[in-house]
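Peer 1: My questions all concern the structure below.
There are 2 protein chains.
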Amino acid sequence: MPNTGDTGRPNRHPTMADVAAKVGVSRALVSIVFRGKEGASQETRDRVFQAAAELGYHPDTAAQLLRSHRSRHLGVLYTPAEPFHVDLIEAIYPMAEKHGYDVVLGAQTPTRAMTKAVEELLGFRTAAVLLLGDATLAEVTRLAARVPLVAVGPHLRGDAFDTVSSDDSRGARLAVEHLVELGHRHIVHVDGGVKAGAADRRRGYRAVMRKHGLPATIIPGAYTEESGALAARELLRCDPLPTAVFAGNDRCAVGIVHALRRFGLTVPGDVSVVGFDGSRAAQLPHIDLTTVRQDISGTAEAAVESAIERLDDGRTEAKHVIRKTQLIVRGTTAPPKR
Amino acid sequence: MPNTGDTGRPNRHPTMADVAAKVGVSRALVSIVFRGKEGASQETRDRVFQAAAELGYHPDTAAQLLRSHRSRHLGVLYTPAEPFHVDLIEAIYPMAEKHGYDVVLGAQTPTRAMTKAVEELLGFRTAAVLLLGDATLAEVTRLAARVPLVAVGPHLRGDAFDTVSSDDSRGARLAVEHLVELGHRHIVHVDGGVKAGAADRRRGYRAVMRKHGLPATIIPGAYTEESGALAARELLRCDPLPTAVFAGNDRCAVGIVHALRRFGLTVPGDVSVVGFDGSRAAQLPHIDLTTVRQDISGTAEAAVESAIERLDDGRTEAKHVIRKTQLIVRGTTAPPKR
DNA sequence: ATCGGTGCCTAGCACGTGCTAGGCGGGCGG
DNA sequence: CCGCCCGCCTAGCACGTGCTAGGCACCGAT
Chain A
1255 MPNTGDTGRP
1265 NRHPTMADVA
1275 AKVGVSRALV
1285 SIVFRGKEGA
1295 SQETRDRVFQ
1305 AAAELGYHPD
1315 TAAQLLRSHR
1325 SRHLGVLYTP
1335 AEPFHVDLIE
1345 AIYPMAEKHG
1355 YDVVLGAQTP
1365 TRAMTKAVEE
1375 LLGFRTAAVL
1385 LLGDATLAEV
1395 TRLAARVPLV
1405 AVGPHLRGDA
1415 FDTVSSDDSR
1425 GARLAVEHLV
1435 ELGHRHIVHV
1445 DGGVKAGAAD
1455 RRRGYRAVMR
1465 KHGLPATIIP
1475 GAYTEESGAL
1485 AARELLRCDP
1495 LPTAVFAGND
1505 RCAVGIVHAL
1515 RRFGLTVPGD
1525 VSVVGFDGSR
1535 AAQLPHIDLT
1545 TVRQDISGTA
1555 EAAVESAIER
1565 LDDGRTEAKH
1575 VIRKTQLIVR
1585 GTTAPPKR
Chain B
1255 MPNTGDTGRP
1265 NRHPTMADVA
1275 AKVGVSRALV
1285 SIVFRGKEGA
1295 SQETRDRVFQ
1305 AAAELGYHPD
1315 TAAQLLRSHR
1325 SRHLGVLYTP
1335 AEPFHVDLIE
1345 AIYPMAEKHG
1355 YDVVLGAQTP
1365 TRAMTKAVEE
1375 LLGFRTAAVL
1385 LLGDATLAEV
1395 TRLAARVPLV
1405 AVGPHLRGDA
1415 FDTVSSDDSR
1425 GARLAVEHLV
1435 ELGHRHIVHV
1445 DGGVKAGAAD
1455 RRRGYRAVMR
1465 KHGLPATIIP
1475 GAYTEESGAL
1485 AARELLRCDP
1495 LPTAVFAGND
1505 RCAVGIVHAL
1515 RRFGLTVPGD
1525 VSVVGFDGSR
1535 AAQLPHIDLT
1545 TVRQDISGTA
1555 EAAVESAIER
1565 LDDGRTEAKH
1575 VIRKTQLIVR
1585 GTTAPPKR
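Which chain is which? The protein sequence lines are A and B, in order. Its first residue numbered 1255, the first sequence is counted upward by one per residue in the working numbering. Its first residue numbered 1255, the second sequence is counted upward by one per residue in the working numbering.
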């Protein structure tokens, strides 16, 4: 059903040649017009655009990629179910566009390993790849040998790739100091296991607790609502009940808050909760979560710019950016009643 | 950094020609080997794969697309922030793979209109496009003129495109009947405005209320947690407080549940809540939402198969699939106390 | 009148791959 | 010994576009 036009080639997308024939000029001239280069009269430009619109012509990305090796595409490998990634992606699009790049998404799902998604992105010959989320040093290094790479999130170092990460340790200290200042003494940390940043957040928590001579208690968790709900059950078994919880990330914190409220406790009345990420979910009015914000648009900007520097400015040495974190006090923290 | 091999063309991905040269055969033979066609000895195949691995060769999707017009790619237009879409995508990947298709994601975000995302997908010459979420008949029809199209969600009809939608009216009736059977008489509906399926869900709600001689009350809403939280505030102003709420979708329901609990009410003790979608968020243990499930993997399957039938089997007449919905009774509904 | 320049346009190669039309050698039936 | 087939392989065109190397007409300066 595409192309009901008069090119004599039914069921096929019209090409530049079709547009050129319709206008009565050479194909090269149509190419010039579409690239906005000089060398065509204004009248011709108008007629070309007119004809293209009538034919429903659209440039063939495959042919453009094939011919011009600069692919103008950034590959982004992400996990669709991760709200923080979703927020990042929405920030990455306009940044990439500002630099004249398109974005190709590669989804990493439970049924679809990272390697598979990577192969697909590489097949598209993306100019660079932004890797959101977890990855081992070996994986990142191997991938960086094949394409300029920016890893967003994991605290890795290497000369072959760039990273953008946040100051997780400092963020964690801010969060716990906030709780201590409110008067909390019995503060538990539900951690993020081996996920990106979890180790640093644990470290920050331990450091502040030690500094104030308070006992550190860590409940193993993950970056999911389920793990938060499970951890909340653990909490309820504690006697006395902790007065505050520092969660590994926002999703976990949300799970904790809801589970506690469901069990009849109030937040922050009975228990204060702090999250980590500053995801959009945390701002929702019914959640209103106190959290440590990672500057999402700043992170997206740094990641895109790292890639662009390698591509357009020819930078080859590695660059490791660390973004500041910021405590956002909202409605899930208050002084302890007990 | 790519290609540290010995092809004499630094900084460029190796091609079939490089592999062929390394093995000492023609490029055409390498092509045969990679496509798995007959016409190459087993020994040659092994040597080709070996050389390709050493060079880090990966087929160029652009060139493949350009040459073989069958693109083996399904474009999926979706909204990253929509959990229901995310669930669908995770189901679409394996379905597409089963039929030998790859998936190209096109993201529709607040800063990125549908038309823009569509242009990008069309640029990739995807064999077909699956359109998740809202769209007007005009938009869908226009798009369907350029590419085989399957609209998932909206209740539209036309001869130029396929649709997969769910029986929203029946689902709504199931939900409301469930509440009536529990003994609820004062049931409010927070609707989804003009979004996909919202009209049918309203209709189903009204029909059941009328049938039982109960007054229908509709609070305008949307398919978001925010709208649910706002609607909850409206609810609290009602006197007497309704004993049950039928929400337009799960996100809205989640917002309602959390806001109610935050205001000190219990769910389902004081108010019962039913959602719609059967999204993964609804199953989370701390939510445990009674909801109307739309069969996600069945929907994904039907959508992919509709596309495949047009592409591989040459179907041209439109096909409109309606998937059954199913009531899932969980922990947010109970008989009214009052 | 000649020359160089400028504005507008075109011819044709290259990109990496799929695929058609063969080519070459050896075994097998006649 | 001839002819044919078959297994393995190669030459070369085509896909739609970017881009280089021009070409033609016209204009102003010499």
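Where is the CB? At the ideal position from N, CA and C, for every residue including glycine.
Checking the sheet assignment: what are the DSSP bridge partners for serine 1526 of chain A?
Peer 2: The residue you call residue 1526 of chain A lines up with position 272 of the first sequence. Per DSSP, A:Ala1498.
Peer 1: Is the CB of valine 1499 of chain A under 9 Å away from at least one CB in chain B?
Peer 2: The count along the first sequence starts at 1 and reaches residue 1499 of chain A at position 245. Judged by the 9 Å Cβ criterion, valine 1499 of chain A is not in contact with chain B.
Peer 1: Label aspartate 1566 of chain A either buried or exposed according to how many other C-beta atoms from any shown protein chain fall within 10 Å of its C-beta, with 16 as the threshold for buried.
Peer 2: Reading the first sequence from its first residue, position 312 is the one you call residue 1566 of chain A. Classification of aspartate 1566 of chain A: exposed, given that the 10 Å Cβ count is below 16.
Peer 1: At which residues does the alpha helix (DSSP H) containing serine 1325 of chain A begin and terminate?
Peer 2: Within the first sequence, the letter at position 71 stands for residue 1325 of chain A. Per DSSP, serine 1325 of chain A belongs to no alpha helix (DSSP H) and is neither H nor E.
Peer 1: Quick one: what's isoleucine 1576 of chain B bridged to in DSSP?
Peer 2: In the second sequence, the residue the question calls residue 1576 of chain B occupies position 322. Beta-bridge pairing links isoleucine 1576 of chain B to B:Ser1419.
Peer 1: Which runs of the beta strand (DSSP E) at least 3 residues long sit entirely within the stretch 1390 to 1437 of chain B? Give them in chain order.
Peer 2: Qualifying beta strand (DSSP E) stretches, in chain order: 1403 to 1406 and 1416 to 1420.
Peer 1: Do glycine 1377 of chain B and aspartate 1314 of chain A have their CB atoms nearer than 9 Å?
Peer 2: Start at 1 with the first residue of the second sequence, and residue 1377 of chain B comes out as number 123. Start at 1 with the first residue of the first sequence, and residue 1314 of chain A comes out as number 60. Their beta carbons are under 9 Å apart, which means glycine 1377 of chain B touches aspartate 1314 of chain A by this criterion.
Peer 1: Let me know the secondary structure DSSP gives proline 1264 of chain B once reduced to three states.
Peer 2: As a first step, residue 1264 of chain B is located in the second sequence; it is residue number 10 there, counting from the start. For proline 1264 of chain B, the pLDDT reaches just 47, beneath the cut-off of 50, and the residue's location in the model is therefore unreliable, although a value from the coordinates is still provided. Reduced to three states, the DSSP call for proline 1264 of chain B is coil.
Peer 1: Which same chain residues, not among the five before or five after leucine 1375 of chain B, have their C-beta less than 7 Å away from its C-beta?
Peer 2: By 1-based counting over the second sequence, the position of residue 1375 of chain B is 121. Once the five neighbours on either side are set aside, the close Cβ partners of leucine 1375 of chain B are Gly1329, Leu1331, Val1358, Gly1360 and Val1383.
Peer 1: The stretch 1288 to 1313 of chain A: which residues have C-beta closer than 8 Å to a C-beta of chain B, in chain order?
Peer 2: Taking 8 Å as the Cβ-Cβ cut-off against chain B, the residues of the stretch 1288 to 1313 of chain A that qualify are Gly1310, His1312 and Pro1313.
Peer 1: Considering only the alpha carbon of each residue, which of B:Val1284, B:Arg1289, B:Val1279 and B:Val1277 lies closest to methionine 1270 of chain B?
Peer 2: Taking the first residue of the second sequence as 1, we reach residue 1270 of chain B at position 16. Among B:Val1284, B:Arg1289, B:Val1279 and B:Val1277, the Cα nearest to that of methionine 1270 of chain B is on B:Val1284.
Peer 1: Histidine 1432 of chain B: which of B:Pro1496, B:Arg1491, B:Ala1588 and B:Val1558 sits nearest, CA to CA?
Peer 2: In the second sequence, residue 1432 of chain B corresponds to position 178, counting from 1. If we check each option's Cα against that of histidine 1432 of chain B, B:Ala1588 comes out closest.
Peer 1: Note down the Cα distance separating arginine 1396 of chain A from alanine 1561 of chain B, rounded to an integer number of angstroms.
Peer 2: For the purposes of this step, residue 1396 of chain A is taken as the residue at position 142 of the first sequence. For the purposes of this step, residue 1561 of chain B is taken as the residue at position 307 of the second sequence. Between arginine 1396 of chain A and alanine 1561 of chain B, the C-alpha separation is close to 36 Å.
Peer 1: Listing by chain order, which chain B residues have their CB less than 7 Å from the CB of glutamate 1374 of chain A?
Peer 2: Residue numbering aside, residue 1374 of chain A sits at position 120 when the first sequence is read from its first letter. Going along chain B in sequence order, the residues near glutamate 1374 of chain A (Cβ under 7 Å) are Asp1356.
Peer 1: Considering Cα atoms alone, identify which of B:Thr1520, B:Val1277 and B:Val1302 is closest to arginine 1289 of chain B.
Peer 2: The residue labelled residue 1289 of chain B in the question sits at position 35 within the second sequence. Closest option to arginine 1289 of chain B, Cα to Cα, is B:Val1302.
Peer 1: Is the beta carbon of valine 1499 of chain B less than 9 Å from the beta carbon of histidine 1466 of chain B?
Peer 2: In the second sequence, residue 1499 of chain B corresponds to position 245, counting from 1. In the second sequence, residue 1466 of chain B corresponds to position 212, counting from 1. Cβ distance not < 9 Å, so valine 1499 of chain B and histidine 1466 of chain B don't count as in contact.
Peer 1: With which residues is alanine 1382 of chain B paired in a DSSP beta bridge?
Peer 2: As a first step, residue 1382 of chain B must be located in the second sequence, where it is residue number 128. Answer is B:Leu1328, bridged to alanine 1382 of chain B.
Peer 1: Distance cutoff 9 Å, beta carbons only. Does glycine 1377 of chain A sit that close to anything in chain B?
Peer 2: As a position in the first sequence, residue 1377 of chain A is number 123, starting the count at 1. It does; some Cβ of chain B falls within 9 Å.
Peer 1: Who are the near neighbours of leucine 1436 of chain A in its chain, counting only those whose CB is closer than 6 Å to its CB and skipping five residues on each side?
Peer 2: Locating residue 1436 of chain A in the first sequence gives position 182, counting from the first residue. Once the five neighbours on either side are set aside, the close Cβ partners of leucine 1436 of chain A are Pro1589.
Peer 1: Can you tell me the Cα-Cα spacing of glycine 1293 of chain A and serine 1280 of chain A, whole angstroms?
Peer 2: Walking along the first sequence from the start, residue 1293 of chain A turns up at place 39. Walking along the first sequence from the start, residue 1280 of chain A turns up at place 26. Distance between the alpha carbons of glycine 1293 of chain A and serine 1280 of chain A is about 13 Å.
Peer 1: Select from B:Arg1366, B:Ala1486 and B:Ala1557 the residue whose C-alpha is nearest the C-alpha of valine 1508 of chain B.
Peer 2: Taking the first residue of the second sequence as 1, we reach residue 1508 of chain B at position 254. That would be B:Ala1486, whose Cα lies nearest to the Cα of valine 1508 of chain B.
Peer 1: What residue does the beta strand (DSSP E) around glutamine 1548 of chain B start on, and which one ends it?
Peer 2: Taking the first residue of the second sequence as position 1, residue 1548 of chain B is located at position 294. From DSSP, the beta strand (DSSP E) with glutamine 1548 of chain B extends over 1545 to 1548.
Peer 1: DSSP three-state label for histidine 1353 of chain A, please.
Peer 2: In the first sequence, residue 1353 of chain A corresponds to position 99, counting from 1. Reduced to three states, the DSSP call for histidine 1353 of chain A is coil.
Peer 1: How about valine 1430 of chain B and isoleucine 1576 of chain B: are their beta carbons less than 9 Å apart?
Peer 2: If you number the second sequence from 1, residue 1430 of chain B lands on position 176. If you number the second sequence from 1, residue 1576 of chain B lands on position 322. For valine 1430 of chain B and isoleucine 1576 of chain B, no; Cβs fall outside 9 Å.
Peer 1: Compute the distance between the beta-carbons of valine 1528 of chain B and threonine 1586 of chain B, then report whether it is under 9 Å.
Peer 2: Here residue 1528 of chain B is taken as the residue at index 274 of the second sequence, counted from 1. Here residue 1586 of chain B is taken as the residue at index 332 of the second sequence, counted from 1. In contact: valine 1528 of chain B and threonine 1586 of chain B (Cβ atoms closer than 9 Å).
Peer 1: According to DSSP, is leucine 1283 of chain A part of a helix, a strand, or is it coil?
Peer 2: Residue 1283 of chain A sits at position 29 when you count from the first residue of the first sequence. Leucine 1283 of chain A: helix per DSSP, three-state reduction.
Peer 1: Measuring CB atoms only, is the stretch 1469 to 1483 of chain A touching the stretch 1537 to 1549 of chain B, in the sense that at least three cross pairs come out at less than 8 Å?
Peer 2: With a cut-off of 8 Å, the stretch 1537 to 1549 of chain B and the stretch 1469 to 1483 of chain A count as touching, because enough Cβ pairs lie within range.
Peer 1: Histidine 1323 of chain B: buried (16+ other C-beta within 10 angstroms of its C-beta) or exposed?
Peer 2: Numbered from its first residue, the second sequence carries residue 1323 of chain B at position 69. Classification for histidine 1323 of chain B: exposed.
Peer 1: So is lysine 1578 of chain B buried or exposed if we call it buried at 16+ other beta carbons inside 10 Å?
Peer 2: On the second sequence, position 324 is the one that residue 1578 of chain B refers to. So lysine 1578 of chain B ends up on the exposed side.
Peer 1: Let me see if you follow: with CB-CB separation under 9 Å, is alanine 1513 of chain A close to chain B or not?
Peer 2: Residue 1513 of chain A sits at position 259 when you count from the first residue of the first sequence. Yes, contact with chain B.
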